[in-house]
Amino acid sequence: MASLLSFGTFTNIGEKSSNSSDSWQDANSALSELDKGLRSSKAGEQCEAIVRFPGLFEKYPFPILINSALLKLADVFRIGSNFLRLCILKVIQQSEKHLDKILNVDEFLKRIYSVIHSNDPVARAITVRVLGSIACIVSERKNVHHSIRSSLESHDQVELEAAIFATDRLCAQSREFASGLYNKIAQLIEGLNTPVEMKLKLISIFRHMHYDLQLTAKVHELCSSLLASHPTCQFVVVTLHTLSCLAVSSVIDIPKQTELLLKYLTQDPRKVVKNHTLSDLRMLAKGAPHMWRIQDIEALSEFILSSCYDNLTFSALRTMVTLSRSEAVDLLKSEKVLEICQKETNSYNSAIAALASELLVNIAVAGIKSDKEDSSLCEQAAVAVESGAVVCCVNNQLQPLKVCLSSMNCLVNSSPEVAPTLVESVSSLLPTSSGPIALELCHVMVTMATQIPSLLAPLRSEIVSHFAKVVVIADDDRKESKDLVVGMATLVLQSYRSVSHNEDEDSVANLEKMLLENLGKLTTTSRYWTMFRVGKQATRLGFHSIAAKIFGNLSSKVASEHFYFWLTALKCFCEAESLLSVPCDSQLMLAKQISEACAKYHKGITTLKASVSSNNQLSFQCSYASLRAETFQAHSLLLASCATMKSCPPPAIATAVAMATGQDVQRLSHFAAQMTECSKVFRNLGESYGQLYRTSFNADPVSLKNIETLQQSCLLISYSIDVLMKTSQPSSVGEQRNRSSALRQNALSLACTDILETVENLASQLEALPLCHLQTECLIRASMTLVKVPFIFPKYFFCSQQSTSIKLALSPSARSPGEPITVSLDTQFVLKVEGVIDHGQRPGLFRDVQSVCLSVTWQAEEKKQQTLDGKSPRDCVTSLEQSVVPHHDYFSAQFLLSLSTPTVYHVTVSTSVIDSSGIPWNTGPQSSLQIKASDNTARKQRTSRS
Numbered sequence: 000m001a002s003l004l005s006f007g008t009f010t011n012i013g014e015k016s017s018n019s020s021d022s023w024q025d026a027n028s029a030l031s032e033l034d035k036g037l038r039s040s041k042a043g044e045q046c047e048a049i050v051r052f053p054g055l056f057e058k059y060p061f062p063i064l065i066n067s068a069l070l071k072l073a074d075v076f077r078i079g080s081n082f083l084r085l086c087i088l089k090v091i092q093q094s095e096k097h098l099d100k101i102l103n104v105d106e107f108l109k110r111i112y113s114v115i116h117s118n119d120p121v122a123r124a125i126t127v128r129v130l131g132s133i134a135c136i137v138s139e140r141k142n143v144h145h146s147i148r149s150s151l152e153s154h155d156q157v158e159l160e161a162a163i164f165a166t167d168r169l170c171a172q173s174r175e176f177a178s179g180l181y182n183k184i185a186q187l188i189e190g191l192n193t194p195v196e197m198k199l200k201l202i203s204i205f206r207h208m209h210y211d212l213q214l215t216a217k218v219h220e221l222c223s224s225l226l227a228s229h230p231t232c233q234f235v236v237v238t239l240h241t242l243s244c245l246a247v248s249s250v251i252d253i254p255k256q257t258e259l260l261l262k263y264l265t266q267d268p269r270k271v272v273k274n275h276t277l278s279d280l281r282m283l284a285k286g287a288p289h290m291w292r293i294q295d296i297e298a299l300s301e302f303i304l305s306s307c308y309d310n311l312t313f314s315a316l317r318t319m320v321t322l323s324r325s326e327a328v329d330l331l332k333s334e335k336v337l338e339i340c341q342k343e344t345n346s347y348n349s350a351i352a353a354l355a356s357e358l359l360v361n362i363a364v365a366g367i368k369s370d371k372e373d374s375s376l377c378e379q380a381a382v383a384v385e386s387g388a389v390v391c392c393v394n395n396q397l398q399p400l401k402v403c404l405s406s407m408n409c410l411v412n413s414s415p416e417v418a419p420t421l422v423e424s425v426s427s428l429l430p431t432s433s434g435p436i437a438l439e440l441c442h443v444m445v446t447m448a449t450q451i452p453s454l455l456a457p458l459r460s461e462i463v464s465h466f467a468k469v470v471v472i473a474d475d476d477r478k479e480s481k482d483l484v485v486g487m488a489t490l491v492l493q494s495y496r497s498v499s500h501n502e503d504e505d506s507v508a509n510l511e512k513m514l515l516e517n518l519g520k521l522t523t524t525s526r527y528w529t530m531f532r533v534g535k536q537a538t539r540l541g542f543h544s545i546a547a548k549i550f551g552n553l554s555s556k557v558a559s560e561h562f563y564f565w566l567t568a569l570k571c572f573c574e575a576e577s578l579l580s581v582p583c584d585s586q587l588m589l590a591k592q593i594s595e596a597c598a599k600y601h602k603g604i605t606t607l608k609a610s611v612s613s614n615n616q617l618s619f620q621c622s623y624a625s626l627r628a629e630t631f632q633a634h635s636l637l638l639a640s641c642a643t644m645k646s647c648p649p650p651a652i653a654t655a656v657a658m659a660t661g662q663d664v665q666r667l668s669h670f671a672a673q674m675t676e677c678s679k680v681f682r683n684l685g686e687s688y689g690q691l692y693r694t695s696f697n698a699d700p701v702s703l704k705n706i707e708t709l710q711q712s713c714l715l716i717s718y719s720i721d722v723l724m725k726t727s728q729p730s731s732v733g734e735q736r737n738r739s740s741a742l743r744q745n746a747l748s749l750a751c752t753d754i755l756e757t758v759e760n761l762a763s764q765l766e767a768l769p770l771c772h773l774q775t776e777c778l779i780r781a782s783m784t785l786v787k788v789p790f791i792f793p794k795y796f797f798c799s800q801q802s803t804s805i806k807l808a809l810s811p812s813a814r815s816p817g818e819p820i821t822v823s824l825d826t827q828f829v830l831k832v833e834g835v836i837d838h839g840q841r842p843g844l845f846r847d848v849q850s851v852c853l854s855v856t857w858q859a860e861e862k863k864q865q866t867l868d869g870k871s872p873r874d875c876v877t878s879l880e881q882s883v884v885p886h887h888d889y890f891s892a893q894f895l896l897s898l899s900t901p902t903v904y905h906v907t908v909s910t911s912v913i914d915s916s917g918i919p920w921n922t923g924p925q926s927s928l929q930i931k932a933s934d935n936t937a938r939k940q941r942t943s944r945s
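Okay, structure coming up:
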């Protein structure tokens, strides 16, 4: 029962809005506490306070706090010991992304810089390292440049190493400093008094000198001379790597550098040089694959074919694979590369064989994508990945197996005809595998069955028998064991997917009985969590009756009422969906099923709202379930409206009006008004799905596709009603077709495509005929088709892998909650909005925040006099908008609010974001405050009169 405490991870996190006043108070109290530690006379307490500053900056990354804290640290740096200075150096290095929030850079630098004149070389060395660590804010300061240049001439080794570190950091930031220091660095490198270790560090600085062509040419000339004059291994490796980094940054020298690296690769006999050369070649392949030439590929191929060392062959193949993932893949379609693939796929080294298989698959897939498919090459690639996977499983090698299985997925995605052979081979490896190996095999089968739903049907008996064995040997101590049970249960469900779609009740009942019996055999302490995961997979594969029983059994096993209501709500939703899986052959039976499912959904929504807590708002789940219930109500309304064509004929006067106006008689009936209302309901429902889509910033792409498909299905019904009722505009035909073609090819989108074609064909056939039962029958069939498609709950309904949230802070803030801020009417109110973006544990997993849109609205408080005069405060709402780009997850903006009347104003700040693709998302928190505007001029006049 204790294992179910992790149920909180199902819900979506990051939907809360923080209180700005609480944030400021917490930040100030934390800073005050650390300030007391800094003022302590004990070095231990000072050190303890110093090391806590990076955590404070991450939690409250506001410029005022960071500026104040770093100025306090600079004071301690100025008067403290070298040990405290070293601690402060570590804090500055850990807080590098917050350094540009320092408001008083001059004052901060002044306190740090005072130590540079110390007689202690260690103190000077630490100061120089601090100057290098804050290079992003002092890169153009002349005094900093001078101090670092002076430290390069120091005879103390500690200070010299610090100067080299600072030089490297400043050269990466300052063009002027890098250009002016070239001669000095060259002099030190060529000098006889400079130690070899220092020369190697100085050579690495040249990788930043890519600001102009002349400087780059000088560096290239000097490094070329060093390669000739210093042929030792360390010098060659460092110099070649420096030239490679310089070439990637400047781009223009890529072919020349590739040729140089290949020269050392083939002519230098030292294995260390060859290894580092291959690493640099891979870096060039990543940075500029479009600049590789055919002769470079030929030279690398010759090396692979003639290499006698596995580690060198492996590194060279990694470079080839990197090129095969880019636009340079066309260069790899040569006889030598295919010879390499044929030779190395049979290598006794599993890692080399896996890479060669991946290279062959990438070449074959590239041919398919460019409409130059080579069937023999695809077959060869399939055999290669299949044999590679078998060898890896036999030798129990996990990492090469992952490479083979990933290539297998890529090949199946582009060439589905090879899938049956590959999945049969993988399934034969499952019974003899265990641990991570079996889990990876299970994952690849799940992925392939997701792409091709009917793929596992022939292997159903083998999968079921192996699932029963896995349940018996499940071990609670290993995560792989629990994951394997869930994976095998998913494979069992996928093997029955075609049965579920064909509505074979006996087979589904047998599946339900078998699955629940086997899950009941679990004896691990985490068995309830495992059962929930299986139920979640059942909802995402359309087996809602199985999921309903699992959730019902689990609801009595949890220790929290929030979890109880959550599981009970899931049970209600699954029972509602399972009602619609029962076959029906009449409009009356379909309407009854929809009505019962809608009642179940409303019961589940009420229960779901009871599971909401302060930490888990469940806003997406509630909105998604509510829209599903509204969809059922809309379909019920459509079926009832279609029935009114027979039950409510046109009035007697309708015939005379139709003859006089030339209209259709049915258009003058109650039926026409109801169908128009149905079209409007479905259109509004589609817009609601669109709003839910735009608020789901943290959702995974598949969940977003699910919402988009549901939206387009609602718009499709609205469009079908308009077309069949002959009220559609010509432009909407192409728009609806474009929307349907843009959808992912799942069961619902395929059903939408078929409905669209049927509606358009029928509309063209009945264009000149009056409305009749054919149109209503078509709409009924369309409604039945959409309702009967197995419903898939999105992954975002259960868990959120990305949890991006925004915290806002408004200034000025009220002294106490609920108290308005007093402002004079003769001045304008300046509102500063600051915010921090919190990315959670997996930042940018699906999408990043490129810019934040801030909207400020203010409205006067309603008064009795305004109400009597007929003026509503809603008519006086004023708004301002501003878009800001966050810097290191921090953003700020200022608004100037104009207040016209002496009253209390309600100010609301709303946020929305734009991702890196330019797509707007209506998400983010809202913060509000109250402003009381007072007329000081009128008060002064009254005072002077009195």
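Its first residue numbered 0, the sequence shown is counted upward by one per residue in numbering that gives the first Met the number 0.
C-beta atoms are modelled at their ideal positions from N, C-alpha and C, and glycine is treated no differently.
- Under the DSSP assignment, His-838 falls outside any beta strand (DSSP E); it carries neither an H nor an E label.
- A Cβ-Cβ separation of about 11 Å leaves Ser-719 out of contact with Met-674 under the 8 Å criterion.
- A distance below 8 Å separates the beta carbons of Leu-264 and Lys-273.
- Asp-825 is classed as exposed because its beta carbon has fewer than 16 other beta carbons within 10 Å across all chains shown.
- Shown here for Gln-827: same chain residues with a beta carbon closer than 8 Å to its own, the five before and five after excluded, namely Leu-895, Leu-896, Ser-897 and Leu-898 in chain order.
- Under DSSP, Ala-932 shares a beta bridge with Val-822.
- For Thr-877, the uninterrupted beta strand (DSSP E) segment begins and ends at 877 to 883.
- Glu-756 counts as exposed, since fewer than 16 other C-beta atoms from the protein chains shown sit within 10 angstroms of its C-beta.
- Within the same chain, and ignoring the five residues on either side of Gln-925 in sequence, the residues whose Cβ sits closer than 7 Å to its Cβ are Ser-16, Thr-907, Val-908 and Ser-909.
- Rounded to whole angstroms, the separation of the alpha carbons of Leu-518 and Lys-481 is 12 Å.
- Excluding residues up to 5 positions away in sequence, Ala-547 and Lys-599 lie with their Cβ nearer than 7 Å to the Cβ of Glu-574 in the same chain.
- The beta carbon of Ser-915 lies closer than 6 Å to those of Asp-847 and Gln-849 in the same chain, with the five residues before and after it left out.
- Residues of the same chain with a CB within less than 7 Å of the CB of Asp-934, apart from the 5 flanking positions on each side, are Leu-824 and Pro-901 in chain order.
- Between Ser-132 and Glu-95, the CB-CB gap stays under 8 Å.
- In the structure shown, the three-state DSSP call for Cys-641 is helix.
- Counting C-beta atoms within 10 angstroms of its own C-beta, Asn-408 has 16 or more neighbours from the protein chains shown and is therefore classed as buried.
- Going by C-alpha positions, Leu-260 is about 21 Å away from Leu-214.
- Looking at the backbone, the Cα of Cys-86 and that of Gln-92 are separated by about 10 Å.
- For Thr-907, the enclosing beta strand (DSSP E) has its first and last residue at 903 to 914.
- In the structure shown, the three-state DSSP call for Val-611 is coil.
- Rounded to whole angstroms, the Cβ separation of Pro-288 and Ser-333 is 16 Å, and the two are not in contact under 8 Å.
- Here the segment 171 to 178 makes contact with the segment 129 to 145; the two share three or more CB pairs at distances below 8 Å.
- Remark: three or more beta-carbon pairs, one from each stretch, lie closer than 8 Å, so the segment 830 to 846 and the segment 883 to 895 are flagged as touching.
- For Phe-890, the three-state secondary structure derived from DSSP is strand.
- Gly-685 is a Cβ neighbour of Ser-717, given a cutoff of 8 Å.
- Cβ neighbours of Ile-101 within its own chain (closer than 7 Å, five residues either side excluded): Ile-65, Asn-66, Leu-69, Phe-107 and Ile-136.
- Contact fails between the segment 691 to 707 and the segment 806 to 816, because fewer than three Cβ pairs, one in each stretch, are under 8 Å apart.
- Bridge partners of Leu-830 according to DSSP: Phe-894.
- Annotation for Lys-806: the continuous beta strand (DSSP E) segment containing it runs 804 to 810.
- With a contact defined as Cβ atoms closer than 8 Å, Ile-593 and Val-786 qualify at about 6 Å.
- Only residues of its own chain outside the window of five on either side were considered, and among them Leu-260, Tyr-263 and Leu-264 have a CB closer than 6 Å to the CB of Thr-276, listed in chain order.
- In the structure shown, Cys-677 falls within a helical segment according to DSSP collapsed to helix, strand and coil.
- According to the DSSP secondary-structure assignment, Val-855 is paired through a beta bridge with Leu-879 and Val-908.
- Non-local beta-carbon contacts of Leu-322 in its own chain, meaning distances under 6 Å to residues more than five positions away in sequence, involve Ala-284 and Pro-288 in chain order.
- Each residue's CA atom was taken as its position, placing Tyr-59 and Lys-200 some 37 Å apart.
- DSSP, reduced to helix, strand and coil, places Ser-926 within a strand of the structure shown.
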